[in-house]
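*Asks:*
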Amino acid sequence: MNRDQGTGGTEPTDRWWDSYAARASGMVASEVRALFAVASRPEIVSLAGGMPAVDALPLDAVASTVADLVTSRGPVALQYGSAQGDPELRARICDVMAMEGIADAHPDNVVVTVGSQQALDLLTRVFIDPGDVVLTEGPTYVTAINTFAAYQARVVHISMDNDGLVPDALRETLSRLAVEGARVKLLYTVPTFQNPAGITLTAPRRAEVLDICRRAGVLVVEDNPYGLLSFAGEPVRAMRADAPDDVVYLGSFSKTLAPGMRVGWALAPQPVAARLVLAAESAILSHSMFTQLAVERYLATQPWPEQIKAFREMYRDRRDAMLRTLAETMPPGTTWTRPEGGFFVWLTLPDGVDAKAMLPRAIAARVAYVPGTGFYADGSGRNAMRLSYCFPPPERIQDGVKRLADVLRAEILLRRTFVSHPATDFPRE
Amino acid sequence: MTDLGRVLVLAGGLSPEREVSLRSGRRLRDELERVGIDAELRDVDGSTLPTLAAARPDVVIPVLHGASGEDGTIREVLDLFGLPYVGAAPVACRAAFDKATAKATASAAGIATPPAVTLPREAFHDLGAAALIDRLVARLGLPLVVKPRAGGSAFGVSFVEEPGQLAEALMACFGYHDWALIERAVAGVEIAVGILDTGDGPVALPAVEIQPVSGVYDYAARYTPGATAFHIPARLGQDVLRAAAASAVTAHRVLGLRDLSRADFIIDTDGTAQFLEVNVAPGLTDTSTWPMALHAAGLDLAVACRDLAAAASRRLGSR
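Taken in order, these protein sequences are the chains called R and H.
Read left to right, the first sequence gives residues 1 to 429 (our numbering).
Read left to right, the second sequence gives residues 1 to 319 (our numbering).
1. Does the separation of the CB atoms of residue 135 of chain R and residue 157 of chain R fall below 9 Å?
2. Which residues in chain H sit within 7 Å of residue 371 of chain R, going by Cβ to Cβ distance?
3. Counting along the chain, where does the beta strand (DSSP E) carrying residue 252 of chain R start and finish?
4. So the alpha helix (DSSP H) residue 21 of chain H belongs to, where does it begin and stop?
5. Between H/77, H/104, H/310, H/263, which lies nearest to residue 191 of chain H when the distance is taken from Cα to Cα?
6. Are residue 128 of chain R and residue 375 of chain R closer than 9 Å when you measure CB to CB?
7. Helix, strand or coil, according to DSSP, for residue 239 of chain R in the structure here?
8. Chain R beta carbons: is any one of them nearer than 9 Å to that of residue 174 of chain H?
9. Should residue 382 of chain R be flagged as near chain H, meaning a C-beta pair shorter than 9 Å?
10. Whose C-beta lies closer than 6 Å to the C-beta of residue 369 of chain R among residues of the same chain, with five residues either side of it excluded?
11. Residue 271 of chain R: buried (16+ other C-beta within 10 angstroms of its C-beta) or exposed?
12. I'd like to know whether the C-beta of residue 339 of chain H is nearer than 9 Å to at least one C-beta of chain R.
13. Report the residue ranges of all alpha helix (DSSP H) runs contained in full by the region 156 to 199 of chain R; include only those spanning at least 4 residues, in chain order.
14. Going by the beta-carbon positions, is the gap between residue 51 of chain R and residue 391 of chain R smaller than 9 Å?
15. Using the three-state DSSP reduction, which class does residue 499 of chain R fall into: helix, strand or coil?
16. Say whether chain R places a C-beta atom closer than 9 Å to the C-beta of residue 153 of chain H.
17. Since residue 86 of chain H is in the alpha helix (DSSP H), which residue starts that stretch and which ends it?
18. Classify residue 137 of chain H: buried if its beta carbon has 16 or more other beta carbons within 10 angstroms, exposed otherwise.
19. I'd like the ranges of any alpha helix (DSSP H) spanning at least 4 consecutive residues and lying wholly in the region 96 to 150 of chain R.
20. For a cutoff of 9 Å on Cβ pairs, would you count residue 363 of chain R as touching chain H?
21. Drop a sphere of 10 angstroms on the beta-carbon of residue 162 of chain R, count the other beta-carbons inside from all chains shown, and report buried for 16 or more, exposed for fewer.
22. Grab me the residues of residue 17 of chain H's own chain with a C-beta within less than 7 Å of its C-beta, minus the 5 sequence neighbours each way, in chain order.
23. Straight-line CA distance for residue 403 of chain R to residue 299 of chain H?
24. Taking its Cβ as the centre, do 16 or more other Cβ atoms sit within 10 Å of residue 59 of chain R, making it buried, or is it exposed?
25. Less than 9 Å between the C-beta atoms of residue 276 of chain H and residue 202 of chain H, yes or no?
26. How many whole angstroms separate the CB atoms of residue 99 of chain R and residue 229 of chain R, which I take to be in contact at a CB cut-off of 8 Å?
27. Going by the DSSP bridge assignment, what does residue 279 of chain H pair with across the sheet?
28. Are there three or more Cβ pairs, one per stretch, closer than 8 Å when the region 237 to 251 of chain R is compared with the region 212 to 221 of chain R?
29. Return yes when the Cβ of residue 348 of chain R is within less than 9 Å of the Cβ of residue 304 of chain R, no when it is not.
30. Counting only beta-carbon atoms, is residue 414 of chain R nearer than 9 Å to chain H?
31. Would residue 293 of chain H and residue 267 of chain H qualify as a contact pair, given that the criterion is a beta-carbon distance under 9 Å?
32. So is residue 124 of chain H in contact with chain R if we call contact Cβ pairs under 9 Å?
33. Report yes if the C-beta distance between residue 97 of chain R and residue 207 of chain R is below 9 Å; otherwise report no.
34. Only counting the same chain, and skipping five residues up and downstream in sequence, which positions put a Cβ closer than 6 Å to that of residue 195 of chain R?
35. Would residue 298 of chain H pass as an interface residue toward chain R - the criterion being a Cβ-Cβ separation below 9 Å?
36. Between which two residues does the beta strand (DSSP E) containing residue 120 of chain H stretch?
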């Protein structure tokens with residue numbers, strides 16, 4: 001072929017392409033993100049996102065709280081704050097954690113963050129060097145994986161069953177990694193109504209996991225955004241309640257009040273909290289005083305526990321609608337978890353069905369979910385998906401699950417069509 | 001403001017290319033406003049038709065990608081409402097959007113195109129996948145490209161190096177369309193040739209050579225800025241470029257397209273432009289080749305689209 005190298009000009013679409021850090025190499029456009037852009041349309045029943053039902057909030061009360069804040073403390077609310085967060089809010093956060101059995105939390109050990117996501121980012125920043133190991137449940141929270149990847153951590157999954165993370169698997173993994181000489185820094189866990197599996201780690205296993213990690217010198221990061229959303233009414237006792245020196249607890253108002261406030265926190269042993277404050281200062285200087293004080297005033301003046309009770313009942317109705325419709329419609333070979341709180345059901349599909357490959361067909365049928373592979377760092381989870389019941393009302397959930405069952409049946413048929421194909425060596429023409 | 005009146009840019013919709021389309025639409029709206037045109041961007045949904053009926057735009061520019069945007073549907077609806085629009089008529093869109101029909105039409109006009117077979121998923125189910133897959137490999141050889149019969153942005157497209165990969169590729173393809181086009185993969189230089197016709201006949205814009213950093217022009221390579229190097233004009237001999245331009249113009253004509261289009265080719269090792277597909281609503285994003293080619297030709301995106309809109313407006317008036 002005749003190539004003329006001399007006349008070509010190059011159109012730069014990103015002139016900094018060669019300057020990006022290696023850790024940003026995975027930050028590229030993806031087909032799944034493009035499909036989720038469609039899922040946000042109202043025609044689609046989205047069982048994908050974990051968006052809280054903020055329309056159930058008493059918006060009048062939110063409005064009056066914010067108005068009072070501006071009137072009474074405007075100059076403070078609109079000023080910079082400290083990197084650790086507002087002291088009054090930190091005291092109230094300690095009261096919230098007391099509801100989950102954490103009786104000894106001191107406001108000095110609380111760091112207010114931009115959602116608990118920022119707390120996770122700060123923790124990873126101060127603990128992880130490239131190549132260090134972070135242990136997580138498999139599957140685990142997708143954005144935690146992204147955070148760990150951004151700091152070039154090596155994520156190693158520990159298997160789960162219906163009682164949560166399997167202690168024997170944790171022991172075996174730690175032994176194997178010790179032989180490798182790997183530096184295991186953190187165990188990241190969502191032990192209560194887990195995202196994405198909806199599973200809760202049992203009390204005996206909590207003690208066992210804490211003991212294993214203590215012996216191995218691994219800090220436990222307990223991410224607990226759903227702990228107060230127990231359908232049984234009583235919150236599950238936090239792991240941190242029994243291990244103040246071995247656990248960093250991450251909390252959030254995103255699920256119990258409103259994610260738009262972006263108020264979360266970390267409760268950490270004092271030396272760790274001090275590091276987090278310095279890390280926060282370098283990251284954002286200070287959190288928004290406005291949203292911190294708005295949350296503090298809301299907690300102080302509104303019947304917030306009653307609101308949580310209303311949320312619990314609403315989410316339980318939605319969970320029931322999902323479980324009932326799954327039982328009525330799903331084809332044989334499909335299994336799912338039965339969450340006792342939180343937002344999510346984990347669906348395991350019949351062997352060979354690829355949830356990611358099925359997603360475009362589901363979107364075409366006007367239902368969306370998150371394919372299981374997103375919740376693993378190692379490509380596992382192909383035949384699984386996360387379904388969330390938190391946002392659509394029960395009748396929409398029923399419609400969505402029915403549509404999903406139809407799509408799944410078609411996918412099973414498609415798999416049967418192709419699965420037994422032998423790769424013969426047919427002579428070519 | 002110009003005497004063009006109000007221009008409505010339609011974008012978004014429910015195709016997997018929704019996000020790309022919205023990016024195209026936002027860019028076009030901004031560009032048109034920059035040159036003083038009263039332009040509005042609108043997502044396509046249940047409120048679109050009442051809006052069109054209540055507040056008739058003077059001209060519509062559809063930049064909907066994928067099904068319903070490029071298969072003629074939205075243009076059929078605009079015809080129903082008697083609204084002028086930029087781009088090909090529905091019947092031409094249907095032919096162009098269907099890759100199998102477009103390839104056959106181009107081939108009949110003497111344009112080279114890689115050999116391909118088009119089959120529905122039912123054929124594999126009803127007749128037996130194993131035998132069909134064996135026969136496909138025997139007939140077309142390897143490597144192969146499996147793509148949905150219609151659709152863009154490389155959704156559902158897979159390269160197949162070994163026979164054992166074909167079943168998986170077909171299943172991925174059938175996620176996006178009920179028909180698969182299985183095409184012999186051609187090694188060479190990938191180029192896109194944009195066509196612009198503002199009233200004096202279709203003119204080929206400079207060919208854009210596409211060189212993905214990863215080697216594969218997939219979704220990430222298309223829409224991650226910097227992930228693909230674009231060379232304009234393509235680093236090919238003048239004879240090759242002229243032939244590719246002529247093929248793009250011919251494809252535009254024989255498919256009955258109008259105003260604008262973009263034809264994609266592989267220049268094979270013999271220097272022959274192998275036609276892959278044609279797009280009736282080419283992308284207008286920052287990483288899209290049609291606006292790049294326009295720029296390389298010394299033309300302004302806003303001015304070109306304004307001229308296309310004016311031509312569309314006159315076209316309706318002359319009916």
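Don't be surprised by glycine CBs; every beta carbon is placed ideally from N, CA and C.
*Replies:* In short, the structure shows the following:
1. The count along the first sequence starts at 1 and reaches residue 135 of chain R at position 135. The count along the first sequence starts at 1 and reaches residue 157 of chain R at position 157. Result yes, Cβ atoms of residue 135 of chain R and residue 157 of chain R sit closer than 9 Å.
2. To locate residue 371 of chain R, count along the first sequence from 1; it is residue 371. Under the 7 Å cutoff, chain H gives no residues; its nearest Cβ is about 11 Å from residue 371 of chain R.
3. Here residue 252 of chain R refers to the residue found at position 252 of the first sequence. First-last of the beta strand (DSSP E) with residue 252 of chain R: 247 to 252.
4. Reading the second sequence from its first residue, position 21 is the one you call residue 21 of chain H. Unbroken alpha helix (DSSP H) run through residue 21 of chain H: 18 to 34.
5. Against the second sequence, residue 191 of chain H aligns to sequence position 191. Ranking the options by Cα distance to residue 191 of chain H, first place goes to H/263.
6. As a first step, residue 128 of chain R must be located in the first sequence, where it is residue number 128. As a first step, residue 375 of chain R must be located in the first sequence, where it is residue number 375. Not in contact: residue 128 of chain R and residue 375 of chain R (Cβ atoms no closer than 9 Å).
7. Taking the first sequence and counting its residues from 1, the one referred to as residue 239 of chain R is at position 239. Three-state DSSP puts residue 239 of chain R in a helix.
8. Translated into the one-based positions of the second sequence, residue 174 of chain H becomes position 174. With 9 Å as the cut-off, residue 174 of chain H counts as an interface residue toward chain R.
9. Residue mapping note: residue 382 of chain R aligns to position 382 of the first sequence, counting from 1. No, residue 382 of chain R does not count as interfacial toward chain H.
10. For the purposes of this step, residue 369 of chain R is identified with residue 369 of the first sequence, where counting begins at 1. So the qualifying residues of the chain are 47, 48, 385, 387.
11. Taking the first residue of the first sequence as position 1, residue 271 of chain R is located at position 271. Around the Cβ of residue 271 of chain R, a 10 Å sphere holds fewer than 16 other Cβ atoms; the residue is exposed.
12. Outside the shown range of chain H (1 to 319) lies residue 339 of chain H, about which nothing can therefore be said.
13. Given a length threshold of 4 residues, each whole run of the alpha helix (DSSP H) inside the region 156 to 199 of chain R is given here in chain order: 167 to 180.
14. Stepping through the first sequence from its first residue, residue 51 of chain R is reached at position 51. Stepping through the first sequence from its first residue, residue 391 of chain R is reached at position 391. Yes.
15. No answer is possible for residue 499 of chain R: it lies beyond the span of chain R, which begins at 1 and ends at 429.
16. As a position in the second sequence, residue 153 of chain H is number 153, starting the count at 1. Output row for residue 153 of chain H: interface = yes.
17. Residue 86 of chain H sits at position 86 when you count from the first residue of the second sequence. Counting along the chain, residue 86 of chain H falls outside any alpha helix (DSSP H), and DSSP gives it neither H nor E.
18. Counting from 1 along the second sequence, the entry for residue 137 of chain H is found at position 137. Buried, since its Cβ has 16 or more Cβ neighbours within 10 Å.
19. Counting whole runs of 4 or more residues, the region 96 to 150 of chain R contains the alpha helix (DSSP H) stretches 115 to 127, 142 to 150.
20. As a first step, residue 363 of chain R is located in the first sequence; it is residue number 363 there, counting from the start. Interface residue, yes.
21. Translated into positions along the first sequence, residue 162 of chain R becomes position 162. Burial check for residue 162 of chain R: the Cβ neighbour count within 10 Å stays below 16, so the residue is exposed.
22. Here residue 17 of chain H is taken as the residue at index 17 of the second sequence, counted from 1. Taken in chain order, the residues that qualify are 65, 66, 152, 153.
23. Within the first sequence, the letter at position 403 stands for residue 403 of chain R. Within the second sequence, the letter at position 299 stands for residue 299 of chain H. So the alpha carbons of these two residues sit roughly 48 Å apart.
24. Your numbering for residue 59 of chain R matches position 59 in the first sequence. So residue 59 of chain R ends up on the exposed side.
25. Within the second sequence, residue 276 of chain H is the residue found at index 276, counting from 1. Within the second sequence, residue 202 of chain H is the residue found at index 202, counting from 1. Here residue 276 of chain H is not near residue 202 of chain H, since their CB atoms are 9 Å or more apart.
26. Position 99 of the first sequence, counting from 1, holds the residue named residue 99 of chain R. Position 229 of the first sequence, counting from 1, holds the residue named residue 229 of chain R. Contact doesn't hold; Cβ gap of about 12 Å is too wide.
27. The residue you call residue 279 of chain H lines up with position 279 of the second sequence. BP columns for residue 279 of chain H point to H/262.
28. yes
29. Numbered from its first residue, the first sequence carries residue 304 of chain R at position 304. Numbered from its first residue, the first sequence carries residue 348 of chain R at position 348. Result no, Cβ atoms of residue 304 of chain R and residue 348 of chain R do not sit closer than 9 Å.
30. Counting from one through the first sequence, the residue named residue 414 of chain R turns up at place 414. Closer than 9 Å to some Cβ of chain H, the Cβ of residue 414 of chain R qualifies, so yes.
31. Here residue 293 of chain H refers to the residue found at position 293 when the second sequence is read from its first residue. Here residue 267 of chain H refers to the residue found at position 267 when the second sequence is read from its first residue. Not in contact: residue 293 of chain H and residue 267 of chain H (Cβ atoms no closer than 9 Å).
32. For the purposes of this step, residue 124 of chain H is taken as residue 124 along the second sequence, with counting starting at 1. It does; some Cβ of chain R falls within 9 Å.
33. In the first sequence, the residue the question calls residue 97 of chain R occupies position 97. In the first sequence, the residue the question calls residue 207 of chain R occupies position 207. No, the pair does not count as a contact, with Cβ atoms beyond the cut-off.
34. As a first step, residue 195 of chain R must be located in the first sequence, where it is residue number 195. Here the set comprises 141, 344.
35. Here the question's residue 298 of chain H lines up with position 298 in the second sequence. Chain R contact via Cβ: absent.
36. Translated into the one-based positions of the second sequence, residue 120 of chain H becomes position 120. Start and end: 116 to 120.
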